[in-house]
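Asker:
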Amino acid sequence: MLDLSLTDARRIALRAQLLTARRPTNLLATLRHLGCLQVDATSYVAPSAELVMWSRLGDRFAAGELQQAVEDHEVVEIQGYLRPAEDIALFRAEMDVWPGPGRDAPGWKRQGAYFLEANRPCAEEILQWLRSEGPLPARALPSCCRVAWRSTGWNDAKNTTLLLEQLEAAGEVAVSYREGRERFWDLASRVHLDLPAVPLEEALAERARRRLRALGIARARSTERRYEPDDVGDVGVEARVAGLRGRWRVDPDLLDGGRFDGRTAVLSPLDRLVVDRRRAAAIFGFDYALEMYKPASARRWGYYALPVLHGDRLVGKVDAQADRGSGLLHVDAVHWDTSPTTAMRAGVHAELDDLARHLGLRLQPEPGDLAADVRRPS
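Numbering follows our numbering, with no gaps: position 188 of the sequence shown is 1111.
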C-alpha cells in the first residue's frame, strides 16, 4: 500500500499524459503511449483528437498529420476512438464473441446484438454493397432494416448507422476514414491489419495495463463508460491519496519520476486528463462540464471551453471559437479558477497564440491585449 500526497497524484497523472515540459516529438509514438484519442468532430475550435495531439506535440504536430495517418491506416478508428493500427489484435477476440461470453454482457450490448440479429438480411445486403463499392457513407447504403432501433428519440431514423455500428462491434465492418463528421465504412478486412487475435482475457488485461500507463493513477472500479473505461481493475499497485476517499491504482513506473517540470497547456474538453470529471475533481479540484448541450443562458464557461493547465494545476477555462471565414481565433473569455499570476497569463496567451497559428488563424484579441477575464462585447 502506497501513501501519496495530492501533489504526487497530480504529477503522476501529468507525467502519464505527457503534459510536462518535456514534450514528445512523434505522433505515432505519442498515440501509442496515450493509447487512444476520443473522436469528436466538433470543430468549434478544432476536432478533439487534433487538440489533444497539438497540446502534446506543439509545433511538431502538422496540420492534417493525424488525418493522413488515418487515411494511411497507420491509425484506425475502433468504436469511436483512434488507436494505433496494430492494436486491433487486442480487440479481435472481443469482437469474435460479441456481445460477450455467456450472459454477462451489459444491456446496451445485448440490445445491439438483438438489433443485428433481427436485421441480419439487411446487414448482409450492406456487406455486399461495401464489398463491391466501399468505402461508403451510411447515406449511400440501403435503408433496409425490418426492425427499428428502440429509441427514446435521439436515434430515430438512424437505423442504417446503428446497424453499421453493431457490425463494427462484431468486427465485420470498420470506419475507413472520415470527411468532417461523416464516416466512410468498409469491410473490416480492408481496414484492419491482418493480425492474430490476442486471447480475450490476456487482451483485456493488457488493455487495462495500457490504460493505467496512460492515466498514471485511476480507480480500480468506476462508473461504466462504453468502449474505453475509466477504471483499470487490479493492475498496477494500490495506493491511498491524502485527503481522498477510497483506494487508487498507480503505475509503478511513474513513482520515481524525479524532478517535475510543468508547463502551460490548453486542452480539449475531451482530453483524457479531464474527461473523467470525477477523477479531475478529486485529484485536481477541477470543476468542469462540457456545456455545448446547455442553453446559452445556462453556460458558465462557454460552448466549448478549453481547460487550462499551468504547472501541476488545472487553473481555468478558455472560451474560444475558430472563425475560419474571418481567419480569426476569437477568445471570448478567460475564466480563471484562481487569481492568475503573471506567469499564468503569459503562458495561456502564448499557448493560444500557438494554437491560432497551428489552425492557420490569427488570435483575436492579440496576445498582449488579453486580460485576466476577457469578454467580447455581445
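Glycine included, every Cβ here is placed at the ideal spot set by N, Cα and C.
Verify whether the separation of the beta carbon atoms of residue 1029 and residue 1147 is less than 8 Å.
Answerer: Locating residue 1029 in the sequence shown gives position 106, counting from the first residue. Locating residue 1147 in the sequence shown gives position 224, counting from the first residue. In contact: residue 1029 and residue 1147 (Cβ atoms closer than 8 Å).
Asker: With three or more beta-carbon pairs closer than 8 Å as the criterion, would you say the segment 984-994 touches the segment 1128-1141?
Answerer: no
Asker: Just verifying my parser: in three-state terms, what is the DSSP assignment at residue 969?
Answerer: Start at 1 with the first residue of the sequence shown, and residue 969 comes out as number 46. Note: residue 969 maps to coil in three-state DSSP.
Asker: What three-state label does DSSP hand residue 1236 in the structure shown?
Answerer: In the sequence shown, counting from the first residue as 1, residue 1236 sits at position 313. Strand.
Asker: When burial is assigned at 16 or more other CB atoms within 10 Å of the CB, is residue 1199 buried or exposed?
Answerer: By one-based count along the sequence shown, residue 1199 stands at place 276. Buried: at least 16 other Cβ atoms inside 10 Å.
Asker: For residue 1141 versus residue 1157, is the C-beta distance shorter than 8 Å?
Answerer: Position 218 of the sequence shown, counted from the start, is the residue given in the question as residue 1141. Position 234 of the sequence shown, counted from the start, is the residue given in the question as residue 1157. Result no, Cβ atoms of residue 1141 and residue 1157 do not sit closer than 8 Å.
Asker: With which residues is residue 1188 paired in a DSSP beta bridge?
Answerer: If you number the sequence shown from 1, residue 1188 lands on position 265. Answer is 1232, bridged to residue 1188.
Asker: Pull up the distance between the alpha-carbon of residue 1027 and that of residue 1036, whole angstroms please.
Answerer: As a working note, residue 1027 is residue 104 in the sequence shown. As a working note, residue 1036 is residue 113 in the sequence shown. Answer to the nearest angstrom: the Cα atoms are 13 Å apart.
Asker: With the cut-off set at 8 Å, would you say residue 1093 and residue 1016 are in Cβ contact?
Answerer: Along the sequence shown, read from residue 1 onward, the residue named residue 1093 stands at position 170. Along the sequence shown, read from residue 1 onward, the residue named residue 1016 stands at position 93. No; because the gap between Cβ atoms is not below 8 Å, this pair is not in contact.
Asker: Which residues bound the alpha helix (DSSP H) around residue 1055?
Answerer: For the purposes of this step, residue 1055 is identified with residue 132 of the sequence shown, where counting begins at 1. Here the alpha helix (DSSP H) through residue 1055 covers 1043-1056.
Asker: If you scan the segment 1235-1286 from start to end, which runs of the beta strand (DSSP E) of 3 or more residues do you find wholly inside it?
Answerer: 1236-1246 and 1251-1259
Asker: State buried or exposed for residue 1240, treating a residue as buried only when at least 16 other CB atoms are found within 10 Å of its CB.
Answerer: Against the sequence shown, residue 1240 aligns to sequence position 317. Residue 1240 should be labelled buried.
Asker: Who are the Cβ neighbours of residue 1304 in its own chain at under 6 Å, not counting the five residues just before and after it?
Answerer: Outside the modelled stretch of the chain, which goes from 924 to 1301, sits residue 1304, for which no answer is possible.
Asker: With burial defined as no fewer than 16 other Cβ atoms inside 10 Å of the residue's Cβ, what is the status of residue 976: buried or exposed?
Answerer: Numbered from 1 along the sequence shown, position 53 holds the residue referred to as residue 976. Classification of residue 976: buried, given that the 10 Å Cβ count is 16 or more.
Asker: What are the complete alpha helix (DSSP H) segments, minimum 4 residues, inside the segment 988-1024?
Answerer: 988-994 and 1015-1019
Asker: Keeping to the same chain, check which residues put their C-beta closer than 6 Å to that of residue 1066; ignore five residues upstream and five downstream.
Answerer: Translated into the one-based positions of the sequence shown, residue 1066 becomes position 143. Here the set comprises 1083.
Asker: For residue 1096 and residue 1087, which I take to be in contact (beta-carbon distance under 8 Å), what is that distance rounded to the nearest angstrom?
Answerer: As a first step, residue 1096 is located in the sequence shown; it is residue number 173 there, counting from the start. As a first step, residue 1087 is located in the sequence shown; it is residue number 164 there, counting from the start. Beta-carbon to beta-carbon, residue 1096 and residue 1087 are separated by about 6 Å, close enough to satisfy the 8 Å threshold.
Asker: Could you tell me the alpha carbon to alpha carbon distance between residue 928 and residue 1169, rounded to whole angstroms?
Answerer: What you label residue 928 is simply residue 5 of the sequence shown in a count that begins at 1. What you label residue 1169 is simply residue 246 of the sequence shown in a count that begins at 1. Their backbone Cα atoms lie some 14 Å apart in a straight line.
Asker: If residue 1109 sits next to residue 1053, beta carbons under 8 Å apart, how far is it from one beta carbon to the other, in whole angstroms?
Answerer: As a working note, residue 1109 is residue 186 in the sequence shown. As a working note, residue 1053 is residue 130 in the sequence shown. Rounded, the Cβ-Cβ distance is 6 Å, consistent with contact.
Asker: Which value, in whole angstroms, describes the spacing of the CA atoms of residue 937 and residue 957?
Answerer: For the purposes of this step, residue 937 is identified with residue 14 of the sequence shown, where counting begins at 1. For the purposes of this step, residue 957 is identified with residue 34 of the sequence shown, where counting begins at 1. Going by the C-alpha atoms only, they are around 12 Å apart.
Asker: Secondary structure at residue 1174, three-state DSSP: helix, strand or coil?
Answerer: Within the sequence shown, residue 1174 is the residue found at index 251, counting from 1. Three-state DSSP puts residue 1174 in coil, outside helix and strand.
Asker: CB residue 1235 to CB residue 965, shorter than 8 Å?
Answerer: On the sequence shown, residue 1235 is found 312 positions in, with the first residue counted as 1. On the sequence shown, residue 965 is found 42 positions in, with the first residue counted as 1. Cβ atoms of residue 1235 and residue 965: not closer than 8 Å.
Asker: Express the C-alpha separation of residue 970 and residue 1298 in angstroms, rounding to a whole number.
Answerer: Locating residue 1298 in the sequence shown gives position 375, counting from the first residue. Locating residue 970 in the sequence shown gives position 47, counting from the first residue. Note that residue 1298 scores 45 on pLDDT, short of 50, meaning its location in the model is unreliable; the coordinates nonetheless yield the value given after this. Those two C-alpha atoms are separated by around 24 Å.
Asker: Checking the sheet assignment: what are the DSSP bridge partners for residue 1107?
Answerer: Taking the sequence shown and counting its residues from 1, one reaches residue 1107 at position 184. Looking at the DSSP assignment, residue 1107 forms a beta bridge with 1060 and 1100.
Asker: What three-state label does DSSP hand residue 1161 in the structure shown?
Answerer: Taking the first residue of the sequence shown as position 1, residue 1161 is located at position 238. Strand.
Asker: May I ask you to report which of helix, strand or coil DSSP gives residue 896?
Answerer: In the structure as shown, the chain begins at 924 and stops at 1301. Residue 896 is therefore absent and cannot be evaluated.
Asker: Counting only runs of 3+ residues fully inside the segment 1117-1155, write out the beta strand (DSSP E) ranges in chain order.
Answerer: Within the segment 1117-1155, there are no complete beta strand (DSSP E) runs of at least 3 residues.
Asker: List the endpoints of the continuous beta strand (DSSP E) containing residue 925.
Answerer: Looking up residue 925 in the sequence shown gives position 2. Residue 925 -> beta strand (DSSP E) spans 925-927.
Asker: Kindly identify the DSSP beta-bridge partner or partners of residue 961.
Answerer: Here residue 961 is taken as the residue at index 38 of the sequence shown, counted from 1. In the DSSP output, where bridge partners are listed per residue, residue 961 has 1004.
Asker: Look at the alpha carbon of residue 1038 and the alpha carbon of residue 1045, and state the distance between them as a whole number of angstroms.
Answerer: Residue numbering aside, residue 1038 sits at position 115 when the sequence shown is read from its first letter. Residue numbering aside, residue 1045 sits at position 122 when the sequence shown is read from its first letter. Their backbone Cα atoms lie some 11 Å apart in a straight line.
Asker: Where residue 1286 and residue 1104 are concerned, what is the direct C-alpha to C-alpha distance, given to the nearest angstrom?
Answerer: By 1-based counting over the sequence shown, the position of residue 1286 is 363. By 1-based counting over the sequence shown, the position of residue 1104 is 181. Approximately 26 Å between the Cα atoms of the pair.
Asker: Got a sec? Which residues, its chain only, sit under 7 Å from residue 939 by beta carbon, not counting five neighbours each side?
Answerer: Residue numbering aside, residue 939 sits at position 16 when the sequence shown is read from its first letter. Excluding positions up to five away in sequence, the list reads 1136, 1137, 1138, 1139, 1174 and 1177.
Asker: Sort 1212, 1230, 1181 and 943 by Cα distance to residue 1191 and report the nearest one.
Answerer: The residue you call residue 1191 lines up with position 268 of the sequence shown. Ranking 1212, 1230, 1181 and 943 by Cα distance to residue 1191 puts 1230 first.
Asker: Could you compute how far the alpha carbon of residue 987 sits from the alpha carbon of residue 996?
Answerer: The residue given as residue 987 occupies position 64 in the sequence shown. The residue given as residue 996 occupies position 73 in the sequence shown. Those two C-alpha atoms are separated by around 14 Å.
Asker: Just curious, the alpha helix (DSSP H) that residue 1088 is in, first and last residue?
Answerer: Numbered from its first residue, the sequence shown carries residue 1088 at position 165. Looking at the DSSP string, the run of the alpha helix (DSSP H) that includes residue 1088 is 1082-1092.
Asker: Using alpha carbons as the reference points, say which of 1248, 1185, 1277 and 1165 lies closest to residue 1206.
Answerer: Residue numbering aside, residue 1206 sits at position 283 when the sequence shown is read from its first letter. For the residues 1248, 1185, 1277 and 1165, the minimum Cα distance to residue 1206 belongs to 1165.
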